[in-house]
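Chains as they are written, first to last, in our numbering: chain A, -12 to 264; chain B, 388 to 614; chain C, 388 to 614.
Idealized CB from N, CA, C, for every residue including glycine.
Keep in mind that this is a model prediction, so the values were computed, not measured.
Working notes for the structure below.
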Amino acid sequence: MNDGEREGARLQDARKAGNEENVVAIVGDTIIKSLPTDLYIPPDALEVFLGAFEGPMDLLLYLIRRRNLDILEISVSEVTDQYMRYIEMMTAMKLTLAGEYLAMAATLAEIKSRLLLPRTEAVEEEEEDPRAELVRRLREYERFKAAAADLEALPRLERDIQPAAAALPTLIERKIEPMVEMKDLLLAMADILHRAALNERHAVAMETLSVRERMSLVLTAVNSRRGFVPFTDLFDVEEGKQGVIVTFLALMELSREGVIEIVQRGFRAPIYVRAGT
Amino acid sequence: MLKQKEIEQALEAVLLAAEEPVSIDRLIGLFDAGDLPEGSPRQAIRTALAEIEYALEGRGYELKRVASGYRFQIRQSMSPWVSRLKETRPPRFSRALMETLALIAYKQPATRGDIEAVRGVSVSPNIMRTLLERGWISVVGQRAVPGRPTLYGTTRAFLDYFNLRSLDELPPLSEIRALVDPHVAEGDGEIETGSDAESADTEETDTANEESARPLAEVVPLPTPKR
Amino acid sequence: MLKQKEIEQALEAVLLAAEEPVSIDRLIGLFDAGDLPEGSPRQAIRTALAEIEYALEGRGYELKRVASGYRFQIRQSMSPWVSRLKETRPPRFSRALMETLALIAYKQPATRGDIEAVRGVSVSPNIMRTLLERGWISVVGQRAVPGRPTLYGTTRAFLDYFNLRSLDELPPLSEIRALVDPHVAEGDGEIETGSDAESADTEETDTANEESARPLAEVVPLPTPKR
């Protein structure tokens, strides 16, 4: 509080001294208007100082709160002066300054000039207090700054809370297979056909499925026995005429493809089938 | 059907083996048909969990319910002991990151522009990347304005990390004191829109079996941008 | 000096947070001078550990002493539960695998060469191995041409899995062709109007993402038991 008052008094002095734009610092009663070449504050320190702020809003809020002022009661003029001093120091020391700091400086300067302009009462009623927008922004920023601090204070994993875990028992491995639906299979086939239609060389022509399936079954039966399999063994009479025909067609197709051999030693001798050699 | 005690044992085993919180639905899914009472499997699980919680009273760890389910965790009061054992320092997060996170949490869904408007500085891409990588925020859509800026929201993983069950449990945003200046009071109304997120209904988190990284906005009705 | 109960809590916290077993010496080292009874710190730790062990009787986990120290461990009898938790949903089969399977079904007995000729790309041995391991295809012979390539056919298990009595129950190629080729489908007025009405519907009901799956089930009569 004392600090704040003193600061205020110095600023008053500074203002009386006029030409406040050039005031860089006030040491005791001395007003310094230009930076001494052997400035004591090392640039690093200033950079660290400014680095501690999360931008112009934060710096502004600091300048206000440092003096325990309510945001609503801020003297834009005073705060602007202080803010400008920081900015000037930074530029004088050729420190890179984020554009946002300069933008805020411009905003402050504008508000200050508007406040200085004499206004008629009629105008005052229509026109919003030039400080209002800045005050609103400051208050909102302060709200979320507090929210961030609240968040920081929440108990959280890694820092305040550790998940509890226990060593695993020996696990039972169980392999789960992917699920396939019939439609997946058919869509895959549809894609193949579509592609094949675009490329004539890959045209797909096929016999009826029952014959193709029977070809696999016959082949399996023939391969399961070494050597010759009696032709008649491959037929299942219980399947009826349809089944016999399908098996016959399958045998013919397999023979044509050279996958099996059909042999007969003589007229009316038993016919045998064996895997192609 | 399993005995109550057997259900408890199974739940304890599963929760101590899981590396993240497990939802009630996932817990129910581990049991075979017939293991749990047919009419009320959920109730059976809840009863068992309550029993486990009760049994741990006065112990160094607890059963905790967070946004994406249940987990065993060391009690906060025991953290000094744990840090004596563990040499690694917990990660620290910059104030800029925490402010950005707070803005997204309280104002969601929010764009980078929304955040910059409040903080007065541009949001560093590093901060957004860290938040996304941690799985604390996710893209929830685009605002229907020119440029279609990306909207961000917080996730279940965010709530899990901060030991919360829902956004309701976030500390309330500080209230704005009654204002003297009528002009400033106008601005107050604008600020209020941000606090809608607080009142959003975030109850019934345990029926959802979504992954914790899914944006909350999908689960919880959050304020939508005006069109 | 800490109370017995406080020592227990600290030990529980430390052991449940540690990722590996912790030795008694290390446990003792965590406590400050004066925390433990001066004459017998080791005895105090042992007593606390025994107390923890006792409290866990009948629970799903236990305190176990292994070579390098103490650790909490899920009981071996709980293994089936933990195994279920750790099971991950397997990924879907690749497009290439599905096409290979479809071609073997429709073109059997077929060699890898036959499949490659139609698909225009080589068939990876992994695909064939997966299909063989799954029991959906089997080797049915060799073609009597140079190199004697292996012939594959589908199996009984394949039919069972897809709930078919015989391959006949698969839709004929002409119907399947109509699925993706609009020109072929043009002849069939019913299908055209049907799918038109449907796409109009789906837009409204917001199930458009199912579109690719829906027409198939409706256009192609999926295998049903023979009349």
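Output, in chain order, the set of chain C residues within a Cβ distance shorter than 8 Å of residue i.
i, result
"Pro165 (chain A)", "Pro477, Pro478, Arg479, Phe480"
"Arg433 (chain B)", "Under the 8 Å cutoff, chain C gives no residues; its nearest Cβ is about 17 Å from Arg433 (chain B)."
"Leu417 (chain B)", "Trp468, Arg471, Leu472"
"Leu172 (chain A)", "Met485, Leu488, Ala489, Ala492, Phe549"
Can you find a C-beta in chain B that's less than 8 Å from the C-beta of residue i?
i, result
"Val469 (chain C)", "yes"
"Lys132 (chain A)", "yes"
"Ile148 (chain A)", "yes"
"Val401 (chain C)", "yes"
"Lys451 (chain C)", "no"
"Met465 (chain C)", "yes"
"Leu155 (chain A)", "yes"
"Glu87 (chain A)", "yes"
"Ala152 (chain A)", "yes"
"Lys390 (chain C)", "no"
Got a sec: is the Cβ-Cβ distance from residue i to anything in chain C below 8 Å?
i, result
"Gly445 (chain B)", "yes"
"Asp178 (chain A)", "yes"
"Ala420 (chain B)", "no"
"Thr207 (chain A)", "yes"
"Ser197 (chain A)", "yes"
"Ile294 (chain A)", "Residue 294 (chain A) is absent from the model: chain A starts at -12 and stops at 264."
Measure the beta-carbon distance from residue i to residue j and round it to whole angstroms, keeping in mind my assumption that it falls under 8 Å.
i, j, result
"Ser466 (chain B)", "Ala483 (chain B)", "Not quite, the Cβ-Cβ distance comes to about 26 Å (not below 8 Å), so this is no contact."
"Pro527 (chain B)", "Leu518 (chain B)", "What sits at residue 527 (chain B) in the sequence shown is Val, not Pro. With a Cβ gap of about 13 Å, Val527 (chain B) and Leu518 (chain B) do not count as contacting."
"Gly445 (chain C)", "Ile461 (chain C)", "With a Cβ gap of about 14 Å, Gly445 (chain C) and Ile461 (chain C) do not count as contacting."
"Pro496 (chain B)", "Val453 (chain B)", "Their Cβ separation, rounded to whole angstroms, is 22 Å, which puts Pro496 (chain B) and Val453 (chain B) out of contact at 8 Å."
"Arg118 (chain A)", "Ile98 (chain A)", "6 Å"
"Asp422 (chain C)", "Met388 (chain C)", "7 Å"
"Arg530 (chain C)", "Glu244 (chain A)", "7 Å"
"Phe459 (chain B)", "Ala151 (chain A)", "4 Å"
"Leu89 (chain A)", "Val66 (chain A)", "About 16 Å separates the two Cβ atoms, so there is no contact after all."
Anything in chain B within Cβ reach of residue i, meaning under 8 Å, just list it in chain order.
i, result
"Pro43 (chain A)", "Gly507, Val508"
"Leu138 (chain A)", "Met485, Leu488, Ala489, Ala492, Phe549, Leu557, Pro558"
"Met91 (chain A)", "Gly507"
Any beta carbon of chain A sitting closer than 8 Å to that of residue i?
i, result
"Glu474 (chain C)", "yes"
"Lys494 (chain C)", "yes"
"Tyr448 (chain B)", "yes"
"Pro424 (chain C)", "no"
"Pro615 (chain C)", "Past the edges of chain C, shown from 388 to 614, lies residue 615 (chain C), and the structure says nothing about it."
"Thr537 (chain C)", "no"
"Ala501 (chain C)", "Before going further, note that residue 501 (chain C) is Asp rather than Ala in the sequence given. Answer no: the Cβ-Cβ gap between Asp501 (chain C) and chain A never drops below 8 Å."
"Arg413 (chain C)", "no"
"Ser553 (chain B)", "no"
"Ala404 (chain C)", "yes"
"Ser561 (chain B)", "yes"
Name the chain A residues whose beta carbon is nearer than 7 Å to that of residue i?
i, result
"Glu486 (chain B)", "Glu41, Phe131, Lys132, Ala135"
"Arg521 (chain C)", "Glu164"
"Val527 (chain C)", "Ser203, Leu206, Thr207, Asn210"
Under 8 Å Cβ-Cβ, which residues of chain A neighbour residue i?
i, result
"Gly456 (chain C)", "By Cβ distance, chain A contributes nothing, its closest Cβ being about 12 Å from Gly456 (chain C), past 8 Å."
"Arg564 (chain C)", "Ala177, Leu180, His181, Ala184"
"Arg530 (chain C)", "Glu244, Gly245, Val246, Gly263"
Given that residue i touches chain B, what residues does it touch there, using C-beta distances under 7 Å?
i, result
"Pro257 (chain A)", "What Pro257 (chain A) touches in chain B: nothing, since even the nearest Cβ is about 56 Å away."
Quick one: list the residues of chain B neighbouring residue i, beta-carbon separation under 9 Å, in chain order.
i, result
"Arg143 (chain A)", "Pro477, Tyr548, Phe549, Asn550"
"Met169 (chain A)", "None at all; the shortest Cβ gap to chain B is about 25 Å."
For residue i, which residues in chain C fall below 9 Å Cβ to Cβ?
i, result
"Gln396 (chain B)", "Gly445, Arg446, Gly447, Tyr448, Arg462, Ser464, Met465, Trp468"
"Leu302 (chain A)", "As shown, chain A starts at -12 and ends at 264. That puts residue 302 (chain A) outside it, with no answer to give."
Quick one: list the residues of chain A neighbouring residue i, beta-carbon separation under 9 Å, in chain order.
i, result
"Thr541 (chain C)", "Glu200, Ser203"
**Runs of alpha helix (DSSP H) wholly within the region 61 to 107 of chain A (minimum 4 residues, chain order)** = 63 to 79, 86 to 103
**Asked** Which full runs of the alpha helix (DSSP H) of 4+ residues lie inside the region 464 to 548 of chain B, going along the chain?
**Response** 466 to 472, 482 to 494, 499 to 506, 512 to 520, 543 to 548
**Request:** Pair every Cβ in the region 135 to 146 of chain A with every Cβ in the region 57 to 64 of chain A, then say whether three or more of these pairs are closer than 8 Å.
**Result:** no
**Message:** Would you call the region 394 to 401 of chain B in contact with the region 420 to 435 of chain B, where contact means no fewer than 3 C-beta pairs closer than 8 Å?
**Reply:** yes
**Message:** Threshold first: 4 residues or longer. Then list the alpha helix (DSSP H) segments lying entirely within the region 191 to 264 of chain A, N to C.
**Reply:** 196 to 211, 227 to 243
**Item:** Runs of alpha helix (DSSP H) lying entirely within the region 402 to 455 of chain C, each at least 4 residues, in chain order
**Value:** 411 to 417, 428 to 442
**Asked** Does the count of Cβ pairs from the region 255 to 262 of chain A and the region 532 to 552 of chain C closer than 8 Å reach three?
**Response** no
**Asked** Taking contact to mean at least 3 C-beta pairs separated by less than 8 Å, is the region 163 to 170 of chain A in contact with the region 470 to 480 of chain C?
**Response** yes
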